[in-house]
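Going by my numbering, the letters in the sequence shown line up with residues 859 to 1097, in that order.
Note that beta-carbon positions come from the ideal geometry of N, C-alpha and C, so glycine has one too.
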Amino acid sequence: MVTIIGNGKMALAIAKGLNGEVEVVGRDEKKLQKFCTESSARKYHLLNNFDITDKIIILATKPYALDLLSLKGKAKEVISIMAGKKIEEIKKHIKSEIYSRVMPNVGAIHQASTTAVFGSENAYEIFSKIGVAIKVSSEKELDISTAIAGSGPAFLAIVAEAIADGGVLCGMNREMSYEFTKGLFRSYASLEDKPANIKDSVISPAGTTASGIEKLEENGVRNAFIKAIKGAYEKSQKI
Ligand SMILES: NC(=O)c1ccc[n+]([C@@H]2O[C@H](COP(=O)([O-])OP(=O)(O)OC[C@H]3O[C@@H](n4cnc5c(N)ncnc54)[C@H](OP(=O)(O)O)[C@@H]3O)[C@@H](O)[C@H]2O)c1
């Protein structure tokens, strides 16, 4: 059984993915009870002085809480989902035989996370149960994945909102514009080709797509996204 420390959104998504084969640890008994009802988690414990000896721990509190956790004993394995917190830092607060870092994304709520895994085979197997797990070979790659796959859903939400707004600007009603935008993302996800190939297969000489791309380039869309990923990565180094 896996022990999840934290009872927030991501903790709940992971508990559901593991079919409730978990125990949960938190600081608020009411929230823990609700968590167990929603996720079928086996049991809950209060956080203060919780004994982690020989347990497989998934660390799912807010990153700043790391400094405040008072846990006793030595875990078998600690798997942290905290953005930005390096293994060196985690070691200062929690004793364990093995340390792994993983970075799921909000798709975990529907068991459709894209999760970067730096560490053990066990961590890879656990996170394969809530979507697709991808092994990375350094904490740097894990932090870059945080910018792409972790923050990415918020960036794509801005793209989706803007595309739908464009539809409304041209005269389509809001609901229908959202429906087409949603469909666009579904269709795109089904195409597993390289982005450049997808673009080239749609664009035709002097056509509508070419005109749209001209506007995107005029407004520096590529540069804006490159800077967004770089900005999110750089921020992860300062947490
Ligand atoms: N959301 C995402 O898309 C995403 C993606 C990848 C990784 N993550 C990482 O996942 C972790 C949890 O994020 P979340 O989205 O699940 O957040 P959340 O829903 O806000 O849950 C935060 C959890 O942290 C606990 N917590 C906060 N301060 C604490 C403290 N001082 N001491 C003990 N526990 C404390 C909260 O406990 P209470 O309920 O008692 O307040 C709650 O259980 C974060 O480290 C984040 O970096 C999130």
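Inter-segment contact for the segment 867-884 and the segment 894-906 is present: three or more beta-carbon pairs are separated by less than 8 Å. Residue 964 is positioned such that its CB atom lies no closer than 7 Å to that of residue 914. Counting C-beta pairs with one atom in each stretch, the segment 991-1000 and the segment 1037-1048 have fewer than three that are closer than 8 Å, which means they do not touch. The beta carbon of residue 890 lies closer than 7 Å to those of 865, 882, 884 and 902 in the same chain, with the five residues before and after it left out. By alpha-carbon distance to residue 966, the top candidate from 922, 948, 936 and 985 is 985.
A straight line joining the alpha-carbon of residue 918 with that of residue 937 spans about 9 Å.
DSSP places residue 994 in the coil class of the three-state scheme, outside both helix and strand. Of the residues assessed, residue 940 falls on the buried side of the cut-off, its CB having 16 or more other CB atoms within 10 angstroms. Between the C-alpha atoms of residue 920 and residue 1003 there is a straight-line separation of about 18 Å. For residue 875, the enclosing alpha helix (DSSP H) begins and ends at 867-875. Of the candidates 1005, 983 and 1031, 983 places its Cα closest to the Cα of residue 876. In this structure, residue 1009 sits near residue 1090, with a CB-CB distance shorter than 7 Å. Judged by the Cβ position, residue 1081 fails to qualify as a neighbour of ligand 1 at the 6 Å threshold, every heavy atom of the ligand being at least this far. Taking a 10 Å sphere around the C-beta of residue 916, we find 16 or more other C-beta atoms and assign the residue as buried.
Taking 8 Å as the upper bound for CB-CB distance, residue 956 and residue 929 are not in contact here, some 16 Å apart.
Contact annotation: residue 994 and residue 1013 have beta-carbon atoms that are not nearer than 7 Å. In this structure, the beta-carbon distance from residue 1054 to residue 1061 does not fall below 7 Å.
Shown here for residue 1018: same chain residues with a beta carbon closer than 7 Å to its own, the five before and five after excluded, namely 1039 and 1043 in chain order.
In the three-state DSSP reduction, residue 895 falls in the helix class (H, G or I). Following the DSSP letters along the chain, one finds residue 958 in no alpha helix (DSSP H) but inside the beta strand (DSSP E) bounded by residues 953-961. Per the C-alpha coordinates, the member of 1046, 906, 1015 and 944 positioned closest to residue 926 is 906. Taking a 10 Å sphere around the C-beta of residue 989, we find 16 or more other C-beta atoms and assign the residue as buried. Residue pairing of residue 1069 in beta bridges, as defined by DSSP: absent, with no partner found. Ranked by Cα distance from residue 1005, the options 1022, 968, 973 and 880 are led by 973.
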